[in-house]
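Inspection log for the structure reproduced underneath, given as structure tokens.
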Amino acid sequence: MNYKAALEAYNKNKKSFTYSIPEIETILINDLKAFEIPLKNMSKTDLKNNEEVTYKNVFKMYVIEDQEVLNKFKDEFDDIGIDLDEDDNDYTADMKDKYDYDTLIVKHNEEHAMSVIIETKDKKNVSFLYVWGSIKLQELMYCYSRIKGMDEGNIDDPHFQTYLEILVKHGFIKDYN
Numbered sequence: 003m004n005y006k007a008a009l010e011a012y013n014k015n016k017k018s019f020t021y022s023i024p025e026i027e028t029i030l031i032n033d034l035k036a037f038e039i040p041l042k043n044m045s046k047t048d049l050k051n052n053e054e055v056t057y058k059n060v061f062k063m064y065v066i067e068d069q070e071v072l073n074k075f076k077d078e079f080d081d082i083g084i085d086l087d088e089d090d091n092d093y094t095a096d097m098k099d100k101y102d103y104d105t106l107i108v109k110h111n112e113e114h115a116m117s118v119i120i121e122t123k124d125k126k127n128v129s130f131l132y133v134w135g136s137i138k139l140q141e142l143m144y145c146y147s148r149i150k151g152m153d154e155g156n157i158d159d160p161h162f163q164t165y166l167e168i169l170v171k172h173g174f175i176k177d178y179n
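Numbering (the numbering used here), first residue to last: 3 to 179.
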């Protein structure tokens, strides 16, 4: 990949890579068939102890249970030698309408749901989108929120390189060569 050319294309459209919370919520609701669950359903301790989210920036949480969307973003665990079916006995029918931390973990692990946490630093724009339950969906969400820890604009930074690759892959950067 020509990172220098991708960076130039990125810099030309840099403003368009900042998304407001309403823009992201529209994508989540309309395109991904997500619905909001109250953050009070989640234990503060669990969220604070989660190393991947920044608790003070957590704004909202959405859950995706639409089967078509789940299938679209289903990770190919067989490709890496993980058989989810061998442990597919933790999920029970009474969990269908439960949305607490422990139940969501089971739903994510057994491919019954994916969750997206919206983080914001200013209550207007998205600073990060964290996905539970799908590596594929997390990759797409990076296009809307960047990768935590990347050195934006530094084409020698592996995180920023990955970000540029993802933007190109998903069509956010076009004609950069």
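Even glycine gets a Cβ: it sits at the ideal position worked out from N, Cα and C.
Q. Skipping 5 residues on each side, what residues in its chain have a beta carbon closer than 6 Å to that of I84?
A. Since pLDDT at I84 reaches only 49, below the 50 mark, its modelled position is unreliable, and no value is offered.
Q) In this structure, does DSSP put S22 in helix, strand or coil? A) Under the three-state reduction of DSSP output, S22 falls in the strand class.
Q: Can you tell me which of the three DSSP states G83 falls into?
A: Unreliable positioning characterises G83 in this predicted model, as indicated by a pLDDT of 47, which lies under 50. The coordinate reading is nonetheless provided below. G83 sits in coil when the DSSP states are folded into three classes, being neither helix nor strand.
**Q.** Enclosing beta strand (DSSP E) for Y64 [first to last residue]
**A.** Annotation: the continuous beta strand (DSSP E) that includes Y64 extends over V60 to I66.
Q: Would you decide whether G155 is buried or exposed? Buried here means 16 or more other CB atoms lie within 10 Å of its CB.
A: Under this definition G155 is an exposed residue.
Q: Identify whether I175 lies in helix, strand or coil by the three-state DSSP scheme.
A: Three-state result, I175: coil.
Q) Q69: buried (16+ other C-beta within 10 angstroms of its C-beta) or exposed? A) Exposed, since its Cβ has fewer than 16 Cβ neighbours within 10 Å.
Q: Give me whichever residues DSSP pairs with F130 in a beta bridge.
A: Paired residues: E121.
Q. So N127 and Y21 are in contact, right, with Cβ under 8 Å, and what is the actual spacing, rounded?
A. Confirmed, Cβ separation roughly 7 Å.
Q. When DSSP labels each residue in this structure, what does E38 get in the three-state scheme?
A. Note: E38 maps to strand in three-state DSSP.
Q. Rounded to the nearest angstrom, how far is the Cβ of E67 from that of A115, given a contact under 8 Å?
A. A Cβ-Cβ distance of about 5 Å is found for the pair E67 and A115, placing them in contact under the 8 Å criterion.
(Q) Looking at the strands, I want to know which residues DSSP matches up with M116. (A) Beta-bridge pairing links M116 to I66.
Q: Measure from the alpha carbon of L139 to the alpha carbon of each residue in M3, Y165, K123 and L34, then state which is nearest.
A: Relative to the Cα of L139, the nearest Cα in the group M3, Y165, K123 and L34 belongs to L34.
**Q.** N52 versus Y103, V108 and N32, residue with shortest Cα-Cα distance
**A.** For the options Y103, V108 and N32, the alpha carbon positioned closest to that of N52 is the one of Y103.
Q: Answer with buried or exposed for K46, where buried requires no fewer than 16 other C-beta atoms within 10 angstroms of its C-beta.
A: With fewer than 16 Cβ atoms within 10 Å of its Cβ, K46 is classed as exposed.
**Q.** Nearest neighbour of K74, chosen from G173, L106 and L142 [CA to CA]
**A.** Of the listed residues, the one whose Cα sits closest to K74 is L142.
(Q) Among the candidates T122, I31, K42 and W134, whose CA atom is the shortest distance from the CA of K109? (A) In this structure, W134 is the residue among T122, I31, K42 and W134 with its C-alpha nearest to the C-alpha of K109.
Q. Using a Cβ-Cβ cut-off of 7 Å (strictly less than) and excluding sequence neighbours within five positions of I149, which residues of its own chain qualify?
A. Leaving aside the five residues that flank I149 on each side, the residues in its chain whose CB is nearer than 7 Å to its CB run, in chain order, H161, T164 and Y165.
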